[in-house]
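Chemist: Under the numbering used here, residues 60 to 238 are what the sequence shown spells out, in order.
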Amino acid sequence: NYNMGDIDLKSITAYREMQAETGTDFDGTPIPYNDQLVDQRQKQYSQELQLSQQTERFKWVLGAYYLREEVTEAIQNSFVAFYLPPTNAVPGQGPLSTTDLKSDNFAVFGQGTYNLTEQLSVTAGLRWTYEKKDVGISGPFGLGTGGATLDVNGSESWSNLSPRLGLEYQANDDLLLYG
Numbered sequence: 060n061y062n063m064g065d066i067d068l069k070s071i072t073a074y075r076e077m078q079a080e081t082g083t084d085f086d087g088t089p090i091p092y093n094d095q096l097v098d099q100r101q102k103q104y105s106q107e108l109q110l111s112q113q114t115e116r117f118k119w120v121l122g123a124y125y126l127r128e129e130v131t132e133a134i135q136n137s138f139v140a141f142y143l144p145p146t147n148a149v150p151g152q153g154p155l156s157t158t159d160l161k162s163d164n165f166a167v168f169g170q171g172t173y174n175l176t177e178q179l180s181v182t183a184g185l186r187w188t189y190e191k192k193d194v195g196i197s198g199p200f201g202l203g204t205g206g207a208t209l210d211v212n213g214s215e216s217w218s219n220l221s222p223r224l225g226l227e228y229q230a231n232d233d234l235l236l237y238g
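(1) Kindly list the residues whose CB is nearer than 7 Å to the CB of T81, restricted to its own chain and excluding five residues on each side of it in sequence; keep chain order.
(2) Could you compute how far the alpha carbon of Y228 sits from the alpha carbon of K191?
(3) Does the distance from the CB of E76 to the CB of K102 come in under 8 Å?
(4) For I134, which residues in the same chain have their Cβ closer than 6 Å to its Cβ, ignoring the five residues on either side in sequence?
(5) How about L224 and A183: do their beta carbons lie closer than 8 Å?
(6) Per DSSP, Q135 is paired with what?
(7) Do you know whose CA, among N164, G195, D233, lies nearest W217's CA?
(8) Going by beta-carbon coordinates alone, are F117 and G171 separated by less than 8 Å?
(9) With C-beta atoms as the reference, is V194 less than 8 Å away from L160?
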């Protein structure tokens, strides 16, 4: 947080990574008959900046937000009961499914609250959001296909403008009515 006289600047930054390797033996036998190995990796970064000010009767905030997420997943299936393996398959190594996902999210927003009286206030705000996802999926096409795979790559984006208008009434210290 940084104070610039009457206006405050706030930065909220986050980064996280996750890596998980799990295995499941669905049939409970030592034979690699109905097993699954999963390797998941995820990285996520977000940054939000806010400018705000509060006076006796009016408070406001303006800001921007960004999120980047990358996810990869590899699933090694040994479901002999469900997949007909290709003729060159190694026992205990069934089809491999992979997913790669990248997501970008960006938003700008503003909101202001004006106190009409000590108990009654009105709030108005607006948020614009843009999101884009890129995904690639590769893996077995279906049950009993003898190793046929499906490769799908796609990209989609969305945007949204979200307004807000509200009225708040502070009836007492323990009761806030709003709509």
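Ideal Cβ placement from N, Cα and C applies to all residues, glycine included. Please read all numbers here as calculations on a predicted model, not as lab measurements.
Modeler: Reading from the atomic positions:
(1) V97
(2) 39 Å
(3) yes
(4) V97, S156
(5) yes
(6) L96, L155
(7) N164
(8) yes
(9) yes
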